[in-house]
Amino acid sequence: MIPSRAIDVAALIEGRRLSSFNYLIICVSVLITFLDGFDLLMLSHTAAYMAEDIGLDKLQLGNIFSIGLFGMMLGGFFFGYLGDRIGRRPTIILSTSAFGLMTLLFTLADSYASLLILRFLNGFALGAMLPLCWALNIEFVPKRYRATVITIIMVGFSLGGAVAGPLTVWMAPHYGWASVFALGGIATLLSSVLLFFTLPESVRFLVSKQRRPETVARILRRLDPDIDLRAGDRYFLADEIDIGHRPFLVGQLFIGKLKWITPMIWIGFGASSMAMYFLASWSPLVYQYAGFDRATASWVSSFASFSGAMAGLVLMRVVDTRGPYAVMIYPLLSLPFLLVLGIGELQGDAFIALSLMGAIFVKGSHYGITSIAGVFYPSAIRGNGAGWAASMGKIGSVCGPLLGAYVLNSGMPVVKSFAVLALCPAVLGVCAYVVARIDRRSTVSAELLTTSQP
């Protein structure tokens, strides 16, 4: 009789390089985050057309922007919990399908009230997609690649947002703003069908929950066809604390070093999201109010999204090798640009150039906090950890568009909002420093404990 063996799944994953299986998951995740970014930011670019067609003022537009982010916050809590209960795969597919349907229904909106309702439901469905995509990919790759992989996935989000501008400029004048939502909704629904046939369940999730060992073995063989697995093998994760099989409680996000890391991630994510979503929601209109035409405004905003994604991708190899300290770099670089924009009286090309640099570093900073938002949590609660981080960040996301609405409606020069935004990367830089210090201390303590044991 062959004795059962205990297989450390974490060691199997850590000892490998990325394979075609990993690349498949990454590519599928990039696709759905691309559609996520496109569907989310198309509202910013269609806002001017919708305002003319339906009759919306600046405050109403700000409310529509913000209620979607409020829906995302609630959706992040709900779907994060669901992802840790039933699994990453079914929750992502459900979220994608619901989001595609809600986007498609935007084509029927004909009033301020209907836009508010649809935007809330649209945001609620969207709440799970990014956090659970982070969790799923984190749980399939070695730690040395995690920040880079998460950033590659987020590049899909930015590319989707970047495409939304030029596509809207092309489609909306000829076919109406509703055609842009029809395209996004149909494409997202088709992607949910693709997910059903290609997306695997997280192997770390299954092991942490002690579920379906035969499925674990099948997934591990897809990960490495040469792996030696036998019937009766038991699977465990040596690199994670065992929190048992109790129902999720928020207090689990504050165990050990998470006591301080979790609140710092929440505050940093909120500050970064406030700046990020102010720019995402209002940049096209800010450029128009500053005297530029719609096409220029959309192209400049799209270029900033794309360049911010590339800047974030460059930074992530540093995060993977140097840790959370690297997350401080872009917030510090963005500060002088935002302050000069807010205090000075720049116009024309100078205003475009400095606002682009500030936006690129703000967006790059957001990739930094995003890349580490879920890595500190055990697999059993990672969906909740990433979901709560993203949802708490949405408090800042909700405030960003509202801030823009009140600044633009107050009669204050639009450039003054950049000085207010400078507070956001400053807060993020402080939070990143605290997270890095705590993580470093806990790592050193663990190494000392290991070397002191006989």
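Everything in the sequence shown is counted per my numbering, starting at 97 for the first residue and increasing by one. The beta carbon of each residue, even a glycine, is placed where N, CA and C say it ideally should be.
Min CB distance residue i to chain D below 8 Å
i: G387; result: The chain labelled as chain D is not found in the depicted structure, where only one protein chain is given.
Reduced DSSP category for residue i - H, G, I as helix; E, B as strand; rest coil
i: R330; result: strand
i: K490; result: helix
i: A102; result: strand
i: A209; result: helix
i: D416; result: helix
i: I246; result: helix
i: S275; result: helix
i: L157; result: helix
i: S298; result: coil
i: L452; result: helix
i: A224; result: coil
i: K353; result: coil
i: G470; result: coil
i: F175; result: helix
i: I323; result: coil
i: A518; result: coil
i: E110; result: helix
i: S513; result: helix
i: S287; result: helix
i: V303; result: helix
i: L498; result: helix
i: G183; result: coil
i: F344; result: coil
i: S115; result: coil
i: G387; result: coil
i: F399; result: helix
i: G440; result: coil
i: R308; result: coil
i: V530; result: helix
i: L152; result: coil
Cutoff 7 Å; reference residue i; Cβ partners in own chain excluding five residues on either side
i: V436; result: L450
i: L517; result: A371, F374, L434
i: V259; result: F134
i: H141; result: A260, G261, T264, P380, S394
i: L156; result: It should be noted that the sequence gives Gln, not Leu, for residue 156. Only Y208 meet the Cβ criterion.
i: M146; result: L152, W273
i: M424; result: G525, A528, Y529
i: L120; result: T294
Beta-carbon separation (whole angstroms), residue i vs residue j, contact threshold 8 Å
i: L139; j: F161; result: 7 Å
i: I103; j: Y331; result: 5 Å
i: L200; j: A278; result: 6 Å
i: L291; j: I189; result: 5 Å
i: T466; j: I246; result: 6 Å
i: R184; j: E297; result: 6 Å
i: V129; j: M225; result: Just to set this straight, residue 129 is Thr in the shown sequence, not Val. At roughly 7 Å, the Cβ-Cβ gap stays under 8 Å, so T129 and M225 are in contact.
i: N480; j: F344; result: 5 Å
i: L316; j: L325; result: 6 Å
i: L47; j: A376; result: Past the boundaries of the shown model lies residue 47; the chain is included only from 97 to 550, so the question cannot be answered.
i: F173; j: S487; result: 5 Å
i: G347; j: S254; result: Not confirmed; about 34 Å, so no contact.
Cβ shell of residue i (< 6 Å), same chain only, five flanking positions each side left out
i: L217; result: M198
i: G489; result: F365, G366, S369
i: V503; result: S513
i: V265; result: A391, S394
i: R240; result: D416
i: G496; result: M370, Y373, F374
i: A501; result: K154, L155, G158
Option nearest residue i by Cα separation, candidates the options
i: L302; options: L232, I282, A260; result: L232
i: G215; options: G167, V299, Y373; result: What sits at residue 215 in the sequence shown is Arg, not Gly. The option with the nearest alpha carbon to R215 is G167.
i: V458; options: A367, A485, S487; result: A367
i: A522; options: I363, V124, R314; result: I363
i: M360; options: F236, V237, F472, R478; result: F472
i: G492; options: Y502, A469, A371; result: A371
i: T60; options: V124, Y208, S116; result: This structure gives no information on residue 60, because the portion of the chain shown stretches from 97 to 550.
i: F396; options: D445, Y119, A313; result: According to the sequence shown, residue 396 is Val rather than Phe. Answer by Cα proximity: D445.
i: T192; options: A283, C495, A107, Q156; result: A283
i: P420; options: M225, G111, L524; result: L524
i: F402; options: A224, G261, A143; result: G261
i: F134; options: G256, I246, G496, T358; result: G256
i: I468; options: A482, I456, I477, A476; result: A482
i: V105; options: M169, G280, F236, N505; result: F236
i: L286; options: F195, Q384, A209, D149; result: F195
i: I357; options: R418, G470, F388; result: G470
i: G454; options: P432, D329, P474; result: P432
i: P474; options: F173, R112, E148, D180; result: D180
i: N118; options: G172, I234, M169, K305; result: I234
i: C520; options: L499, D535, V531, R537; result: L499
Proximal residues to residue i (C-beta, below 8 Å), its chain only, five neighbours per side dropped
i: R533; result: none
i: A407; result: Y426, I456, F457, K459, G460, Y463
i: F399; result: A258, L452
i: G438; result: V511, K512, S513, F514, A515, V516, L517, A518
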